[in-house]
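*Asks:* Right, I'll just put the structure down here and ask away after.
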Amino acid sequence: MHEWSIAEGIVTALLESFKDQKIIEVEVRVGELRDLNIDVLKEALSILSKDSGLEETRFNIVVSKAFFKCLNCGEEWGMNKALEILNEMLEIENYIVEEGELEPPVHFIPSLIIGYQKCPKCKKVDIEIISGKELEISKVYLGDES
Ligand SMILES: [Zn+2]
Numbered sequence: 001m002h003e004w005s006i007a008e009g010i011v012t013a014l015l016e017s018f019k020d021q022k023i024i025e026v027e028v029r030v031g032e033l034r035d036l037n038i039d040v041l042k043e044a045l046s047i048l049s050k051d052s053g054l055e056e057t058r059f060n061i062v063v064s065k066a067f068f069k070c071l072n073c074g075e076e077w078g079m080n081k082a083l084e085i086l087n088e089m090l091e092i093e094n095y096i097v098e099e100g101e102l103e104p105p106v107h108f109i110p111s112l113i114i115g116y117q118k119c120p121k122c123k124k125v126d127i128e129i130i131s132g133k134e135l136e137i138s139k140v141y142l143g144d145e146s
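Below, the structure is given as structure tokens:
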């Protein structure tokens, strides 16, 4: 469960950077290509912050959308198209389980998506990930010392 070590890293960074300050709210930005379970991350943050003096801090997790760009023709596309391309490249129909429900192994899908992209327009595989891999403390709201 690497959500826990990430949560620990966030809490440690906050405590080190804002010693003796009251942290009211923290925004954490997580790209949707990150292989992270947001609920587990939230739970880990809430539990770890209780033991560290951040029990009143509100954690706001923002998931940022993935965007890909073709380095050859400049075409840009998002997650829905990326999943279509992945399906096409892997012929994911083969993995359909009973009842016609597609149940991909969600935990490694992000790396699959990154590994199996090609430009929807010119079909080149030379692509860049513009966003979707973020993992950062994006905003911190501090309160008055009291
Ligand atoms: Zn292209």
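Residue 1 is where the sequence shown starts when you use my numbering, and the numbers rise one by one after that. Beta carbons are placed, not taken as given, at the ideal position from N, Cα and C, and that holds for glycine. Please read these numbers as outputs of a predicted model, since none were measured by experiment.
Per the DSSP calculation, Arg29 is bridged to which residue(s)?
*Replies:* Residue 29 sits at position 29 when you count from the first residue of the sequence shown. Per DSSP, Val62 and Glu136.
*Asks:* Check whether the Cβ of Asn80 sits closer than 8 Å to any heavy atom of ligand 1, and report yes or no.
*Replies:* Reading the sequence shown from its first residue, position 80 is the one you call residue 80. Not so, every heavy atom of ligand 1 lies at least 8 Å from the Cβ.
*Asks:* With hydrogens ignored, establish whether the beta-carbon of Glu75 is closer than 8 Å to any heavy atom of ligand 1.
*Replies:* Mapped onto the sequence shown, residue 75 falls at position 75. Correct: Glu75 has its Cβ closer than 8 Å to ligand 1.
*Asks:* Out of Val30, Leu41 and Glu88, which one is the CA nearest neighbour of Ile137?
*Replies:* Position 137 of the sequence shown holds residue 137. Comparing Cα positions, the closest option is Val30.
*Asks:* Taking the DSSP output, what are the residues bridged to Ile23?
*Replies:* Here residue 23 corresponds to residue number 23 of the sequence shown, with the count starting at 1. Answer is Leu142, bridged to Ile23.
*Asks:* Taking 8 Å as the cut-off, is the C-beta of Asn72 nearer than that to any heavy atom in ligand 1?
*Replies:* Residue 72 sits at position 72 when you count from the first residue of the sequence shown. Asn72 Cβ: within cutoff of ligand 1.
*Asks:* So does Lys123 have its beta carbon nearer than 8 Å to some heavy atom of ligand 1?
*Replies:* Taking the first residue of the sequence shown as position 1, residue 123 is located at position 123. Within the cutoff, so yes.
*Asks:* Looking at the unbroken alpha helix (DSSP H) that takes in Ser46, where does it start and where does it end?
*Replies:* The residue given as residue 46 occupies position 46 in the sequence shown. Ser46 -> alpha helix (DSSP H) spans Ile38 to Lys50.
*Asks:* Just confirm the distance between the C-beta atoms of Leu41 and Glu3, as a whole number of angstroms; I'd bet it's less than 8 Å.
*Replies:* By one-based count along the sequence shown, residue 41 stands at place 41. By one-based count along the sequence shown, residue 3 stands at place 3. Right, the Cβ-Cβ distance comes to about 4 Å (below 8 Å), so this counts as a contact.
*Asks:* Could you pull the start and end residues of the beta strand (DSSP E) that Gly78 belongs to?
*Replies:* The residue labelled residue 78 in the question sits at position 78 within the sequence shown. Where Gly78 is concerned, the enclosing beta strand (DSSP E) stretches over Glu76 to Gly78.
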